[in-house]
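Asks:
Numbering (our numbering), first residue to last: 3 to 315.
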């Protein structure tokens, strides 16, 4: 149910007018009362009437699109695919960059105050954002992100399967010193990709070194440990690893990334990878959002896409 001012007033044991004035920071309402009412409004998932109104009535054709990087080619490819489809349906994207890869309440308010009629996010969301969108019936779909919450609509590739398939490639490769280069701890999919890889190579009884991509000693660790099979969180990190190893002449290794973006963007370095059909993933997520916008269906939906090995040869 949509939370209204009268619901907050009942919970706070005060008048609707007091709630309204407190939420608008009117000077005649004390700071303690304002704080109490604002906390209640947030915990109850209250969406201001002006925002709720144009979300309900779809008064705009703007769609908020959240990405976490402007340098990762995955987002370049994803945006190109998404924008073409949105344009064909008469929608205009409003692109926002979430640097820490987690959409916060403040960023969400910036997006919806721009009068979007729905949101697609390639970044994770926190509980405040999840609850706000659920209680406010804000159309939201996550693409490429699995937060493990059935209350949120999401379309994403199978991250565990990605790691598992690369692990099987290691078993076939004849290599003996594997390592996993992780992304940031807040990046969704890190755990599943790592676990899939480690589970798959367990039967080989070899130790797997693990590094962080931003470790200043990454290059020296790979060379010192003579890692000859390198699995990276994504293609961007894999390209970085190849570049730093090339500079010092270390080239006897097999490397895999995730996403296979070079299939869609010719300027990208060609690297062995694993991923799903990105155009299908984007199309499914976009259609899911448009359906929510145009039908008002707030029920959560999700779809997991299979992945496949993508080799350069």
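A virtual CB, placed ideally from N, CA and C, is assigned to each residue, including glycine.
In three-state terms, what does DSSP make of residue 56?
Replies: In the chain shown, the residue the question calls residue 56 occupies position 54. Reliability fails at residue 56, whose pLDDT of 49 lies under 50, so the model's placement of it is uncertain and the value that follows must be treated cautiously. Helix at residue 56.
Asks: Determine, using beta-carbon pairs with one atom in the stretch 90–109 and one in the stretch 127–136, whether at least three such pairs fall under 8 Å.
Replies: Flag = yes, the stretch 90–109 and the stretch 127–136 touch.
Asks: Excluding five sequence neighbours on each side, which residues of the same chain lie with their C-beta closer than 8 Å to the C-beta of residue 175?
Replies: As a first step, residue 175 must be located in the chain shown, where it is residue number 173. Contacts found: 231 and 256.
Asks: Going by Cα to Cα distance, which pick from 201, 168 and 94 is closest to residue 312?
Replies: For the purposes of this step, residue 312 is identified with residue 310 of the chain shown, where counting begins at 1. Cα-wise, what sits closest to residue 312 is 168.
Asks: Establish whether the CB of residue 206 and some CB of chain D are separated by less than 9 Å.
Replies: Checking the listed chains, one finds no chain D in this structure; it contains a single protein chain.
Asks: So, using beta-carbon positions, are residue 145 and residue 122 closer together than 9 Å?
Replies: One-based indexing of the chain shown puts residue 145 at position 143. One-based indexing of the chain shown puts residue 122 at position 120. Yes, these two residues count as a Cβ contact at 9 Å.
Asks: Alpha carbon to alpha carbon, what distance is there between residue 131 and residue 150?
Replies: Sequence index remark: in the chain shown, residue 150 carries index 148 (1-based). Sequence index remark: in the chain shown, residue 131 carries index 129 (1-based). The alpha-carbon atoms of residue 150 and residue 131 are separated by roughly 15 Å.
Asks: Should residue 308 and residue 154 be called a contact, given that it needs their Cβ atoms to be closer than 9 Å?
Replies: On the chain shown, position 306 is the one that residue 308 refers to. On the chain shown, position 152 is the one that residue 154 refers to. Cβ distance not < 9 Å, so residue 308 and residue 154 don't count as in contact.
Asks: Could I get the ranges of all uninterrupted beta strand (DSSP E) runs contained in the stretch 16–90, with 3 residues as the minimum, in chain order?
Replies: Segments of the beta strand (DSSP E) lying fully in the stretch 16–90: 64–69.
Asks: Flag this pair as yes or no: are the beta carbons of residue 88 and residue 68 separated by less than 9 Å?
Replies: Here residue 88 refers to the residue found at position 86 of the chain shown. Here residue 68 refers to the residue found at position 66 of the chain shown. No, Cβ-Cβ distance for residue 88 and residue 68 is not below 9 Å.
Asks: Could you tell me the alpha carbon to alpha carbon distance between residue 236 and residue 159, rounded to whole angstroms?
Replies: Here residue 236 corresponds to residue number 234 of the chain shown, with the count starting at 1. Here residue 159 corresponds to residue number 157 of the chain shown, with the count starting at 1. Between residue 236 and residue 159, the C-alpha separation is close to 13 Å.
Asks: So what does DSSP say about residue 113, is it helix, strand or coil?
Replies: By one-based count along the chain shown, residue 113 stands at place 111. Residue state, collapsed to three classes: helix.
Asks: Less than 9 Å separating the beta-carbons of residue 233 and residue 180?
Replies: On the chain shown, residue 233 is found 231 positions in, with the first residue counted as 1. On the chain shown, residue 180 is found 178 positions in, with the first residue counted as 1. Against a cut-off of 9 Å, the Cβ pair of residue 180 and residue 233 comes out as a contact.
Asks: In chain order, what residues of the same chain have a beta carbon less than 6 Å from the beta carbon of residue 46, not counting five sequence neighbours either side?
Replies: Here residue 46 refers to the residue found at position 44 when the chain shown is read from its first residue. The residues are 5.
Asks: What does a CB cutoff of less than 7 Å around residue 41 pick up in its chain, not counting 5 residues either side in sequence?
Replies: Within the chain shown, the letter at position 39 stands for residue 41. Closer than 7 Å at Cβ, skipping near neighbours: no residue.
Asks: Would you kindly work out how many angstroms separate the C-alpha atoms of residue 143 and residue 157, rounded to a whole number?
Replies: What you label residue 143 is simply residue 141 of the chain shown in a count that begins at 1. What you label residue 157 is simply residue 155 of the chain shown in a count that begins at 1. Distance between the alpha carbons of residue 143 and residue 157: 8 Å.
Asks: Hey, quick one: how far does the beta strand (DSSP E) through residue 267 stretch, first residue to last?
Replies: Here residue 267 refers to the residue found at position 265 of the chain shown. Careful: residue 267 lies outside any beta strand (DSSP E) and carries neither H nor E.
Asks: Within 10 Å of its beta-carbon, does residue 20 have 16 or more other beta-carbons around it, so buried, or fewer, so exposed?
Replies: If you number the chain shown from 1, residue 20 lands on position 18. When all chains shown are included, residue 20 counts as buried.
Asks: Taking only the alpha-carbon atoms, compute the straight-line gap between residue 290 and residue 221 and give it to the nearest angstrom.
Replies: Mapped onto the chain shown, residue 290 falls at position 288. Mapped onto the chain shown, residue 221 falls at position 219. Their Cα atoms are separated by approximately 42 Å.
Asks: Have a look at 248, 299 and 240 and flag the residue whose alpha-carbon is nearest the alpha-carbon of residue 264.
Replies: Numbered from its first residue, the chain shown carries residue 264 at position 262. Among 248, 299 and 240, the Cα nearest to that of residue 264 is on 240.
Asks: When you compare only the Cα positions, how much space is there between residue 84 and residue 280?
Replies: Here the question's residue 84 lines up with position 82 in the chain shown. Here the question's residue 280 lines up with position 278 in the chain shown. Approximately 10 Å, taken between the alpha carbons.
Asks: Return the Cβ separation of residue 295 and residue 75 in integer angstroms, given the expectation that the two are a contact with Cβ distance under 8 Å.
Replies: Taking the chain shown and counting its residues from 1, one reaches residue 295 at position 293. Taking the chain shown and counting its residues from 1, one reaches residue 75 at position 73. Their Cβ separation, rounded to whole angstroms, is 29 Å, which puts residue 295 and residue 75 out of contact at 8 Å.
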